[in-house]
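Per our numbering: the sequence shown = residues 218 to 555.
All C-beta atoms in this analysis are idealised placements derived from N, C-alpha and C, irrespective of residue type, glycine included.
Below: the structure, in structure tokens.
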Amino acid sequence: MVRIDGSLGEGGGQVLRTSLALSLVTGQPFTIQNIRAGRKKPGLLRQHLTSVKAAEAVGAAEVSGAELGSRELTFHPRALAAGNYHFAVGTAGSATLVLQTVLPALLLAEGPSTLMLEGGTHNPLAPPFDFLQRAYLPLVRRMGPSVEATLERAGFFPAGGGRFRVDVRPAPLKPLHLLERGRVLRRDLKAVIAMIPFDVAQRELGTAGAALKWRPDELRTEELKRPLGPGNVLVAEVESEHVTEVFTGFGERGKRAESVAEALAAEVKRYLEADVPVGEHLCDQLLLLLALAKEGAFRTLPLDGHAETQLHTIAKFLDVKVEVREVSRDVREVAVRA
């Protein structure tokens, strides 16, 4: 029985999701205490409970402590099963985080799977669908498995109601080496609005476009028709020779459009100036994939709390060595080997 302290590192839901994913892959049971101890509302919220229920279904698992607000959980997988699954958060909680919980196991299952996920698709503090589709899944496909994601309806906080489909054809994970970004081939800055004044999108694009010095033809607005609730997200995509990265900023009530744009532009500029292929959010997920492949390397920005938490959790389940080398003040090289 692997024992996990949920207050580890940033003390959020990531350690739980990664533990569930690795338990499914390895068959090792685990128990976790102090779930989300570092958050204002500790314990399982709806989206975390949905992740647990999803892992329970995929792994035919025995689970105790799977209740709203629970701070302790024991998870014992019995048999990994591919198939057709439907998981609904029931709130605006992130459905993409539910996918990240079960996808690693389904990449290595014995047959194809189809997942329909409902909930939030564009949430602060979670990977939005655009990141999943354009940055993360292309790297998964490069490593062997075929995974396609289709957005059927966007869901923003607080209304939720988003829905997307994911088709998975498993294959053994091949090593990935991503040490260079290569030259930038395409840049795209998109302001998405749903039941939000058009002026908000124009202000976001004007501010971020000026800060990044991107051309007018690289800026665009997308207005969603018939949304279930209001929402606004600013998405910057940088497609390079060897990787595509996606950055997002979310509009919120009481937050100026210019502030959203300035924060996003600063994140994009930091990534571009470091000349690394992997941004800090992609780093977390790539670490897990390379650990499962038991080989690979990439260059990224200095590791944040999420990445450090990921490293510690991976070490609990997998016998792999992860070395983090400082290349320069703003660049780290991460290497994984058996």
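Under 8 angstroms between C-beta atoms of residue i and residue j
| i | j | result |
| --- | --- | --- |
| G260 | S287 | yes |
| A510 | P392 | yes |
| L323 | V269 | no |
| L349 | T313 | yes |
| E227 | I252 | no |
| E456 | L402 | yes |
| I221 | K533 | yes |
| E439 | K486 | no |
| R542 | E512 | no |
| L506 | V315 | no |
| V452 | D347 | yes |
Proximity winner among the options, relative to residue i (alpha-carbon distances)
| i | options | result |
| --- | --- | --- |
| H265 | A309, F247, H293 | A309 |
| F464 | L509, R404, Q419 | R404 |
| E335 | G468, F304, D416, K407 | F304 |
| Y353 | A283, P321, A532 | P321 |
| A371 | A427, L395, N449, P387 | N449 |
| L503 | A482, V544, L481, V460 | V460 |
| D521 | A514, F534, V548 | V548 |
| G337 | L445, L505, K430, L239 | L445 |
| S363 | P375, L489, V385, A343 | V385 |
| G230 | Q250, G244, L396, A326 | Q250 |
Collapsed DSSP secondary structure at residue i in the structure displayed
| i | result |
| --- | --- |
| I635 | Here the chain has residues from 218 to 555 only, and residue 635 is not among them. |
| V306 | coil |
| L325 | coil |
| L558 | The shown model of the chain, from 218 to 555, leaves out residue 558, and the question about it has no answer. |
| H498 | helix |
| D547 | coil |
| K472 | coil |
| V269 | helix |
| G377 | strand |
Cβ neighbour criterion (16 or more within 10 Å) applied to residue i
| i | result |
| --- | --- |
| E195 | Residue 195 lies beyond the residue range present for the chain, which begins at 218 and ends at 555; the question has no answer from this structure. |
| T367 | exposed |
| H394 | exposed |
| L285 | exposed |
| G466 | buried |
| P389 | exposed |
| P294 | buried |
| K258 | exposed |
| G300 | exposed |
| D434 | exposed |
| M218 | exposed |
| A628 | The structure shown does not extend to residue 628, since the chain is modelled only from 218 through 555, so no value can be given for it. |
C-beta neighbour in chain D for residue i, strict 8 angstroms
| i | result |
| --- | --- |
| H265 | Absent here is chain D; the protein component of the structure consists of one chain. |
Can you find at least 3 beta carbon pairs, one from the segment 396-414 and one from the segment 378-387, that sit closer than 8 angstroms? By the Cβ criterion, the segment 396-414 is not in contact with the segment 378-387, since fewer than three pairs of Cβ atoms, one from each stretch, lie closer than 8 angstroms.
Practice problem: Could you say if the segment 417-430 and the segment 476-483 meet the contact criterion of at least three C-beta pairs nearer than 8 angstroms? | Solution: Taking 8 angstroms as the limit for Cβ pairs, the verdict is that the segment 476-483 does touch the segment 417-430.
Checklist entry - Just checking, does the segment 523-542 make contact with the segment 223-241 on the three C-beta pairs under 8 angstroms criterion? => result Yes, since at least three Cβ pairs between the segment 523-542 and the segment 223-241 fall closer than 8 angstroms, the two stretches touch.
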